[in-house]
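Student:
Number of protein chains: 4
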Amino acid sequence: MTDLAAVKRALAAQRIETPSWAFGNSGTRFKVFAQEGVPRTPEEKIADAAVVHRFTGVAPTVALHIPWDKVDDYRALGEYAKSEGVAIGAINTNVFQDNDYKLGSVTNPDAGIRRKATDHLLEAIDIMDQTGSRDLKLWFSDGINYPGQDDLRLRQDRLHAALQEAYDRLGDDQRFLLEYKLFEPAFYATDIPDWGTSYAHCVELGEKATVCIDTGHHAPGTNIEFIVAFLLRQGKLGAFDFNSRFYADDDLMAGAADPFQLFRIMYEIVRGGALDPSYGINFMLDQCHNIEAKIPAIIRSVLNIQEATAKALLVDRDALFQAQAEGDVLEANAVLMDAYNTDVRPILAEVRADAGLDPDPVRAYKASGYQEKIVAERVGGEQAGWGA
Amino acid sequence: MTDLAAVKRALAAQRIETPSWAFGNSGTRFKVFAQEGVPRTPEEKIADAAVVHRFTGVAPTVALHIPWDKVDDYRALGEYAKSEGVAIGAINTNVFQDNDYKLGSVTNPDAGIRRKATDHLLEAIDIMDQTGSRDLKLWFSDGINYPGQDDLRLRQDRLHAALQEAYDRLGDDQRFLLEYKLFEPAFYATDIPDWGTSYAHCVELGEKATVCIDTGHHAPGTNIEFIVAFLLRQGKLGAFDFNSRFYADDDLMAGAADPFQLFRIMYEIVRGGALDPSYGINFMLDQCHNIEAKIPAIIRSVLNIQEATAKALLVDRDALFQAQAEGDVLEANAVLMDAYNTDVRPILAEVRADAGLDPDPVRAYKASGYQEKIVAERVGGEQAGWGA
Amino acid sequence: MTDLAAVKRALAAQRIETPSWAFGNSGTRFKVFAQEGVPRTPEEKIADAAVVHRFTGVAPTVALHIPWDKVDDYRALGEYAKSEGVAIGAINTNVFQDNDYKLGSVTNPDAGIRRKATDHLLEAIDIMDQTGSRDLKLWFSDGINYPGQDDLRLRQDRLHAALQEAYDRLGDDQRFLLEYKLFEPAFYATDIPDWGTSYAHCVELGEKATVCIDTGHHAPGTNIEFIVAFLLRQGKLGAFDFNSRFYADDDLMAGAADPFQLFRIMYEIVRGGALDPSYGINFMLDQCHNIEAKIPAIIRSVLNIQEATAKALLVDRDALFQAQAEGDVLEANAVLMDAYNTDVRPILAEVRADAGLDPDPVRAYKASGYQEKIVAERVGGEQAGWGA
Amino acid sequence: MTDLAAVKRALAAQRIETPSWAFGNSGTRFKVFAQEGVPRTPEEKIADAAVVHRFTGVAPTVALHIPWDKVDDYRALGEYAKSEGVAIGAINTNVFQDNDYKLGSVTNPDAGIRRKATDHLLEAIDIMDQTGSRDLKLWFSDGINYPGQDDLRLRQDRLHAALQEAYDRLGDDQRFLLEYKLFEPAFYATDIPDWGTSYAHCVELGEKATVCIDTGHHAPGTNIEFIVAFLLRQGKLGAFDFNSRFYADDDLMAGAADPFQLFRIMYEIVRGGALDPSYGINFMLDQCHNIEAKIPAIIRSVLNIQEATAKALLVDRDALFQAQAEGDVLEANAVLMDAYNTDVRPILAEVRADAGLDPDPVRAYKASGYQEKIVAERVGGEQAGWGA
């Protein structure tokens with residue numbers, strides 16, 4: 000039998016990190032659709048992230064993207080965040096938006112460009128020292144578009160060298176979250192295309208290097224929850240970038256495309272004892288939804304993850320393990336589906352009410368007038384980020 | 000036995016259309032890498048296309064993209080093209096780069112936006128009247144990102160209405176090339192996602208509507224040459240957009256990712272008697288390669304298509320049909336592979352020499368000094384198109 | 000607002016056809032795992048199907064597979080079915096399990112084998128005359144394994160000829176359900192690989208030819224509900240073969256792999272007014288689950304379809320259409336998801352109770368002793384079908 | 000410049016291992032098509048393998064499959080092989096064709112079945128001691144069909160335990176080749192689904208455990224040559240199972256579906272210095288082509304690999320590395336393609352002539368009368384293997 004009080008406690012303790020860049024404009028290669036009221040400065044992004052936390056109660060940190068969120072004084076930025084009720088989370092590097100990186104950053108055939116890219120990684124760790132961030136998220140767009148364009152193996156050597164240099168610079172309480180991605184923007188070979196590559200590099204680097212799973216970065220048909228279970232077994236799962244996709248890296252709202260998959264992922268987290276913040280996994284959103292309003296879309300994503308988590312917590316694990324041990328395929332599947340088919344919105348409404356929050360965060364946000372306020376106030380200026 | 004003289008005649012008669020936009024900058028959603036010397040005006044794009052024709056001898060037309068290639072006087076533009084040794088080919092519509100089209104163009108829930116988009120289609124036909132173009136290429140980025148976002152069926156009704164209105168406006172010698180695409184920029188449902196949808200609309204519209212196959216627009220595992228063979232049988236294949244891909248719509252150089260697939264496609268064309276320009280298929284390039292130099296990449300794409308075609312022409316069809324009729328799986332496959340495994344570059348060199356061209360167009364282009372000239376001359380100005 | 004009484008009436012009226020072959024042993028190419036108690040004769044399969052109907056109340060017909068279910072007297076078989084409380088549904092042809100069909104059946108290069116295969120189609124219609132079946136389901140495994148093995152276009156001509164001959168033999172109240180499948184057992188090109196091919200043939204044949212969608216037969220990433228919506232618009236959707244898959248044609252229990260997709264499919268059915276049996280769509284199961292007990296797996300599949308249907312019926316369509324018309328992406332998606340996230344099991348329990356059934360069919364089946372009975376009684380004998 | 004004599008030496012030294020089971024009947028789940036003259040005993044399979052070596056000169060070893068090739072006296076079998084001019088190669092385990100393995104072998108929830116499966120692994124090593132085989136190939140079909148069916152993590156623990164026990168039993172000159180596969184026969188989660196999982200287990204086990212790449216076992220879009228390059232860098236690539244596929248694990252003739260991919264794979268082998276037998280990679284065929292004659296299909300597969308290898312050896316690596324270092328995307332790609340586009344059949348004909356072989360092995364096999372001989376002689380009897 001499931002202990003409902005324990006489920007509620009776990010849900011109340013859950014933490015989801017929001018990404019500063021998801022509050023700004025974004026788009027596809029065909030068009031970036033600008034929205035009214037989007038933030039123009041790191042402070043405005045943090046303010047929006049704080050609003051998400053205010054209405055959900057589970058999103059107290061916001062990840063920054065360098066240089067999009069570059070400021071002169073990171074301690075002051077941290078103070079600002081604190082005043083808004085949130086804290087600065089992971090620092091994300093960006094070595095893909097400079098003309099120099101056309102053929103790669105840390106794996107570029109040009110040693111000077113590799114130096115520049117590696118220096119950016121070191122700079123990001125300097126920033127972490129100031130923000131007090133634990134996590135450095137590393138995503139490299141590096142790869143090649145054509146067979147023969149560059150040497151696959153030399154690029155791994157270059158990658159390792161840059162990672163090692165940055166790793167050696169990490170402080171005692173800092174770590175890597177090393178992302179992988181099948182393709183895009185590289186169209187033939189990506190230098191870290193799959194979890195295996197990220198894992199092998201992390202093992203070589205040491206215990207401060209962990210794998211980050213972006214749920215949109217896999218080949219069609221990949222069983223993501225298997226990767227979750229496997230990395231937990233190996234002690235190498237550091238973070239998630241949640242979003243959802245039907246085709247490629249669509250970067251839609253988490254839980255929108257395949258809520259059953261999200262549930263299966265969260266079940267492995269719960270089963271592996273890795274939900275609690277003390278375990279150390281950073282559950283981040285990483286989305287670039289282009290056509291819907293930013294803040295309510297992020298709120299919706301948080302709710303979707305919460306609902307998947309609630310269902311995962313409701314799985315009757317005693318019954319499940321018993322059916323599994325007996326080889327009762329239908330019963331084991333039925334136990335899992337019983338939790339999935341449960342409507343968990345009432346439970347989450349109670350968790351929110353217990354925390355003094357409105358049980359319906361979307362409705363509360365709409366009623367708050369915040370959207371109208373930012374549309375009115377944020378006129379002029381320019382975004383650092385995806386442009387438009 | 001293959002008649003080598005006939006093969007050479009067929010190769011000399013082959014025609015490939017280049018796209019004006021492929022000469023300009025392009026990129027992914029992450030970054031558009033600007034190149035030196037890229038054209039800033041429709042005239043400069045046409046000049047570059049003319050260079051491709053000058054060195055290959057088989058690319059005498061260039062497709063335009065409206066509004067990227069909008070000019071006041073299309074007859075004058077046509078005269079300019081003629082003076083450069085080429086002609087204006089297909090007119091491409093663009094109903095995806097305006098803020099109004101965030102939720103769709105001709106399938107938008109808003110009737111006013113649908114009107115605007117449909118008017119653009121009509122305007123493109125007006126332009127065709129001036130350029131003397133036969134082909135109107137229609138690609139709609141229309142679709143939705145989330146289940147429920149809009150009604151799948153109503154969008155088809157709206158699509159049909161717009162297509163019908165434009166179809167009725169076509170002149171006697173004008174026709175539709177109706178493109179389809181699995182996804183991107185729409186991430187859940189695209190309004191014309193596959194050849195079946197395009198085909199069904201074309202059948203409803205009438206004989207002036209034909210399907211355009213973009214080789215990068217299919218689900219993983221799709222057998223494109225089957226679609227070619229099937230549409231030829233139905234008399235509904237109007238055009239190709241050639242490019243290549245490993246993952247999604249990567250828009251790499253034609254023939255770069257899967258030269259064997261390109262050969263199989265061209266074999267179906269040859270076998271269906273559809274290679275000769277008199278058959279009416281428009282063999283276009285449609286590429287957006289981001290990191291390599293534009294003109295030599297397009298020359299290379301033309302050569303790749305020529306090589307695939309030469310191999311297809313070399314297939315010993317008598318031997319093939321006999322092995323097929325006898326159910327000799329290994330021999331039939333061997334006959335096809337025998338042609339594929341042949342090095343056809345010497346034959347093509349002869350075809351070029353016979354036409355008074357340099358047998359090696361890439362080398363000839365490099366030696367011509369054209370690249371240095373445009374880098375020196377084309378300074379300042381701005382591109383209409385993908386930006387940067 | 001949703002009319003709950005109308006929802007219940009629609010659920011009570013829903014009809015799902017079970018396949019005789021799914022009650023027998025099945026497997027992969029690696030192994031067929033035999034189960035105890037599986038039926039050995041058409042009558043035993045019908046008896047099992049009748050049990051599924053007895054406990055679910057919505058599965059009153061059973062599809063036959065010829066020659067697996069060949070009997071001397073089909074009228075007697077129909078009488079037997081009637082005595083068990085069910086009726087014979089669609090007749091399925093089998094032109095893939097004879098040595099002659101190694102290189103194809105109706106598309107075989109050998110005219111004699113084509114004749115034999117076509118005769119089998121005609122024989123199946125003769126059987127329909129005796130069973131009173133309306134539907135002839137046609138699945139052709141025909142295709143080729145290697146490029147060049149056979150001529151893609153000639154195979155279409157042969158396919159058309161066979162279909163036309165069988166079509167002309169159809170009685171006034173009989174029709175075709177023409178299936179398509181991406182691959183397997185053909186590994187390079189399948190003769191009807193996608194809905195477009197099936198649709199084009201059906202249009203050529205006439206109104207008695209309709210498309211059958213097998214939910215496991217698509218390329219990765221295919222949006223099946225789009226095909227549903229499109230075929231409904233064209234009036235050419237005749238049937239479903241429900242099952243589920245993670246990778247290829249896995250033939251798992253319907254609704255097991257992607258319950259959200261099944262919901263989206265059923266929503267298009269409901270939205271298109273095509274749920275009621277009077278519309279004419281044959282909602283069939285077509286599964287070959289290998290490792291779990293047969294009858295409870297089929298009951299579970301029926302329940303999964305019922306649950307997806309209940310959720311689809313619960314969609315607040317007024318609210319949905321309004322949000323769609325207003326371009327409110329988040330709200331439109333939220334309205335759809337609100338229905339999906341509802342736990343519909345209580346509603347279905349009421350529908351069953353109203354019909355005098357046990358509200359929990361799986362539990363009721365387990366309690367019935369039927370499984371123990373067939374295990375005890377069905378000893379010896381041999382199956383026609385998948386073997387083992 | 001390429002040293003042609005060195006290329007020929009490398010081609011003459013190349014070794015490809017054939018699989019005993021590929022000479023027997025095989026099929027899909029729909030049908031196993033029996034062929035005349037297929038071998039009925041391990042000796043007959045070895046005889047056929049010896050014929051492949053006789054005509055190609057590069058296939059001197061044959062892999063066995065236990066229990067399909069079980070004999071009382073393996074030393075005698077080895078003597079027989081020797082008398083035919085070949086030797087016994089890798090030993091393949093089979094823990095998927097027993098009813099006990101329905102829910103898994105070494106990962107089965109039942110400890111007794113795990114014991115049985117592990118004992119089979121140990122037995123295979125006993126056989127290796129007798130045959131003198133270096134390589135134990137491990138493929139586990141283990142996995143689950145439904146979410147919840149079994150615990151993903153416990154299955155890894157069980158897998159590790161069995162692997163460790165067998166690993167500890169390996170002799171000094173023996174090693175593991177640990178295969179991975181995305182799916183089939185498991186349809187939801189496979190216990191070793193990708194190279195990362197195999198790699199991680201191999202690293203845990205030690206240096207005698209290496210990864211085996213089956214070219215048909217990946218998710219759509221996977222870049223296999225990247226995996227080759229990466230595993231070579233890590234020193235963990237032990238073997239290939241060559242075959243080809245368009246969709247899933249189609250098991251077609253190597254090089255038939257994507258000859259360009261095979262070339263890219265062989266280029267990484269050549270570039271990594273891993274072609275020579277002394278490096279230790281076992282280049283095996285693992286195919287189950289169902290419709291074409293067995294022996295000539297295997298000869299054809301060997302030729303396809305030889306041709307891909309010859310092209311890989313012809314790559315002008317100095318020119319390639321220079322273009323790569325200079326970031327000349329087009330030139331680097333052109334250098335690689337120049338080798339690919341070369342017709343290498345004349346070179347291979349010379350290599351064969353130099354070795355005293357017929358330059359055209361397929362023609363020589365046809366002329367040899369062997370096929371007619373085995374059809375006449377091999378009447379009656381039964382195969383162990385895929386059945387039929």
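In the order they appear, the protein sequences are chains A, B, C and D.
Numbered according to numbering that gives the first Met the number 0, the first sequence terminates at residue 387, and the numbering increases by one at each position without gaps.
Numbered according to numbering that gives the first Met the number 0, the second sequence terminates at residue 387, and the numbering increases by one at each position without gaps.
Numbered according to numbering that gives the first Met the number 0, the third sequence terminates at residue 387, and the numbering increases by one at each position without gaps.
Numbered according to numbering that gives the first Met the number 0, the fourth sequence terminates at residue 387, and the numbering increases by one at each position without gaps.
From the three backbone atoms N, C-alpha and C, an ideal C-beta is built for every residue, glycine too.
(1) So what does Ala62/B bridge to, in DSSP terms?
(2) What number of angstroms, rounded off, separates the C-alpha of Val70/B from the C-alpha of Pro41/B?
(3) Residues of chain G with CB closer than 8 Å to the CB of Pro108/C, please, in chain order.
(4) Just how far apart, CA to CA, sit Lys372/C and Asp315/A?
(5) Roughly how far, in whole angstroms, is the beta-carbon of Leu230/D from the beta-carbon of Val210/D, given that I think they are within contact range, below 8 Å?
(6) Between which residues of its own chain and His119/C is the CB-CB distance below 7 Å, once the five residues before and five after are set aside?
(7) Considering only the beta carbon of each residue, do Thr267/B and Asp213/B sit closer than 7 Å?
(8) Give the C-beta separation of Leu261/A and Ile304/A to the nearest angstrom, bearing in mind that I take them to be a contact with Cβ-Cβ under 8 Å.
(9) Quick one: which chain C residues come within Cβ less than 7 Å of Phe229/B?
(10) Under 8 Å by Cβ, that's how I've got Lys180/A and Cys201/A pegged, so tell me the actual separation to the nearest angstrom.
(11) Does DSSP put Met252/C in a helix, a strand or coil?
(12) Determine, for Gln370/D, whether the minimum Cβ-Cβ distance to residues of chain C falls below 7 Å.
(13) Spatial neighbours of Gly271/B within its chain, please: CB distance less than 6 Å, with the 5 preceding and 5 following residues excluded, ordered by chain position.
(14) Return helix, strand or coil for Asn281/B, following the three-state DSSP convention.
(15) For Asp327/C, which of Asp357/A, Ala296/A, Thr308/A has the nearest alpha-carbon?
(16) Tell me whether Ser82/A sits in a helix, a strand or coil according to DSSP, three-state version.
(17) Flag Ala12/B as yes if its beta-carbon sits less than 7 Å from any beta-carbon of chain A, otherwise no.
(18) On the three-pair Cβ rule with 8 Å, is the stretch 317-335 of chain B touching the stretch 280-289 of chain B?
(19) According to DSSP, is Glu89/A helix, strand or coil?
(20) In three-state terms, what does DSSP make of Ala188/C?
(21) Under 8 Å Cβ to Cβ from Pro192/A, same chain only, skipping five residues before and after it: list those, please.
(22) Which runs of the alpha helix (DSSP H) spanning at least 4 residues fall entirely within the stretch 294-331 of chain A, listed in chain order?
(23) Using a Cβ-Cβ distance under 7 Å, would Phe259/C count as near chain A?
(24) Measure how close the beta-carbons of Phe175/C and Ser140/D come, nearest whole angstrom, since I'm counting them as under 8 Å.
(25) So is Tyr100/A buried or exposed if we call it buried at 16+ other beta carbons inside 10 Å?
(26) Spatial neighbours of Ala387/D within its chain, please: C-beta separation below 8 Å, excluding the five flanking residues on both sides.
(27) Measure the beta-carbon distance from Gly215/A to Asp249/A and round it to whole angstroms, keeping in mind my assumption that it falls under 8 Å.
(28) Which residue wins for smallest C-alpha separation from Gly380/D, given the options Val37/D, Thr1/D, Tyr246/D?
(29) According to DSSP, what are the bridge partners of Cys211/A?
(30) Considering only residues of the same chain and omitting the five flanking positions on each side of Phe259/D, which have a CB-CB separation below 8 Å?
(31) Since I believe Ile90/B is in contact with Leu135/B (beta carbons under 8 Å), could you give me their beta-carbon distance rounded to a whole number of angstroms?
(32) To the nearest angstrom, report how far apart Arg152/D and Ala228/A are at their CA atoms.
(33) Taking all protein chains shown into account, decide if Ala208/D is buried (16 or more other Cβ within 10 angstroms of its Cβ) or exposed.
Tutor: So, to answer that:
(1) Numbered from its first residue, the second sequence carries residue 62/B at position 63. Bridge partners of Ala62/B: Pro18/B.
(2) Mapped onto the second sequence, residue 70/B falls at position 71. Mapped onto the second sequence, residue 41/B falls at position 42. About 8 Å.
(3) Chain labels in this structure do not include chain G; the protein chains are A, B, C and D.
(4) For the purposes of this step, residue 372/C is taken as the residue at position 373 of the third sequence. For the purposes of this step, residue 315/A is taken as the residue at position 316 of the first sequence. C-alpha separation (whole angstroms): 31 Å.
(5) Mapped onto the fourth sequence, residue 230/D falls at position 231. Mapped onto the fourth sequence, residue 210/D falls at position 211. With 8 Å as the limit, Leu230/D and Val210/D qualify as a contact, their Cβ atoms being about 6 Å apart.
(6) Counting from 1 along the third sequence, the entry for residue 119/C is found at position 120. The residues Thr92, Val94, in chain order, have a CB closer than 7 Å to that of His119/C in the same chain once the five nearest residues on each side in sequence are set aside.
(7) Counting from one through the second sequence, the residue named residue 267/B turns up at place 268. Counting from one through the second sequence, the residue named residue 213/B turns up at place 214. Note that residue 267/B corresponds to Glu in the displayed sequence, not to Thr. Taking 7 Å as the Cβ cut-off, Glu267/B and Asp213/B do not qualify as a contacting pair.
(8) Locating residue 261/A in the first sequence gives position 262, where the first residue counts as 1. Locating residue 304/A in the first sequence gives position 305, where the first residue counts as 1. Contact flag correct, Cβ pair sits at about 7 Å.
(9) Taking the first residue of the second sequence as 1, we reach residue 229/B at position 230. Think of a sphere of 7 Å around the beta carbon of Phe229/B: the chain C residues whose beta carbon falls inside it are Gln155, Thr196, in chain order.
(10) Looking up residue 180/A in the first sequence gives position 181. Looking up residue 201/A in the first sequence gives position 202. Separation of the CB atoms of Lys180/A and Cys201/A is rounded to 15 Å, and the pair is thereby denied contact status at 8 Å.
(11) Residue mapping note: residue 252/C aligns to position 253 of the third sequence, counting from 1. DSSP places Met252/C in coil when its eight states are reduced to three.
(12) Residue mapping note: residue 370/D aligns to position 371 of the fourth sequence, counting from 1. Judged by the 7 Å Cβ criterion, Gln370/D is not in contact with chain C.
(13) For the purposes of this step, residue 271/B is identified with residue 272 of the second sequence, where counting begins at 1. Around Gly271/B: Leu231.
(14) What you label residue 281/B is simply residue 282 of the second sequence in a count that begins at 1. In the structure shown, Asn281/B sits in a strand (DSSP, three-state: E or B).
(15) Locating residue 327/C in the third sequence gives position 328, counting from the first residue. It is Ala296/A whose Cα lies nearest to the Cα of Asp327/C.
(16) Against the first sequence, residue 82/A aligns to sequence position 83. Here DSSP, grouped into helix, strand and coil, assigns Ser82/A to helix.
(17) Along the second sequence, read from residue 1 onward, the residue named residue 12/B stands at position 13. No, Ala12/B does not count as interfacial toward chain A.
(18) Fewer than three pairs of CB atoms, one per stretch, sit closer than 8 Å, so the stretch 317-335 of chain B makes no contact with the stretch 280-289 of chain B.
(19) Taking the first residue of the first sequence as 1, we reach residue 89/A at position 90. In the sequence as presented, Glu is not what sits at residue 89/A; that position holds Ala. DSSP, read as helix, strand or coil, puts Ala89/A in strand.
(20) Walking along the third sequence from the start, residue 188/C turns up at place 189. Ala188/C: strand per DSSP, three-state reduction.
(21) Taking the first sequence and counting its residues from 1, the one referred to as residue 192/A is at position 193. Once the five neighbours on either side are set aside, the close Cβ partners of Pro192/A are Gly142, Tyr179, Lys180, Leu181, Phe182.
(22) Counting whole runs of 4 or more residues, the stretch 294-331 of chain A contains the alpha helix (DSSP H) stretches 316-324.
(23) Start at 1 with the first residue of the third sequence, and residue 259/C comes out as number 260. Under the Cβ criterion of 7 Å, Phe259/C is counted among the residues facing chain A.
(24) As a position in the third sequence, residue 175/C is number 176, starting the count at 1. As a position in the fourth sequence, residue 140/D is number 141, starting the count at 1. That belief does not hold up - the Cβ atoms of Phe175/C and Ser140/D are roughly 38 Å apart, past 8 Å.
(25) Sequence index remark: in the first sequence, residue 100/A carries index 101 (1-based). Buried is the call here.
(26) Against the fourth sequence, residue 387/D aligns to sequence position 388. Only weak support exists for where Ala387/D lies, its pLDDT of 46 falling under 50; the coordinates are left without a value.
(27) On the first sequence, residue 215/A is found 216 positions in, with the first residue counted as 1. On the first sequence, residue 249/A is found 250 positions in, with the first residue counted as 1. About 6 Å separates the beta carbon of Gly215/A from that of Asp249/A, a gap short enough to meet the 8 Å contact definition.
(28) By 1-based counting over the fourth sequence, the position of residue 380/D is 381. With distances taken between Cα atoms, Gly380/D lies closest to Val37/D.
(29) Along the first sequence, one-based indexing puts residue 211/A at 212. The partner list for Cys211/A (beta bridge, DSSP) reads Glu178/A, Ala238/A.
(30) Position 260 of the fourth sequence, counted from the start, is the residue given in the question as residue 259/D. Sequence-distant Cβ neighbours of Phe259/D in its own chain, meaning closer than 8 Å and more than five residues away, are Tyr339.
(31) The residue labelled residue 135/B in the question sits at position 136 within the second sequence. The residue labelled residue 90/B in the question sits at position 91 within the second sequence. Indeed, because the Cβ distance is near 6 Å, the residues count as touching under 8 Å.
(32) To locate residue 152/D, count along the fourth sequence from 1; it is residue 153. To locate residue 228/A, count along the first sequence from 1; it is residue 229. Spanning the two alpha carbons is a distance of roughly 6 Å.
(33) Taking the first residue of the fourth sequence as position 1, residue 208/D is located at position 209. The residue in question, Ala208/D, is buried, as its Cβ has 16 or more Cβ neighbours within 10 Å.
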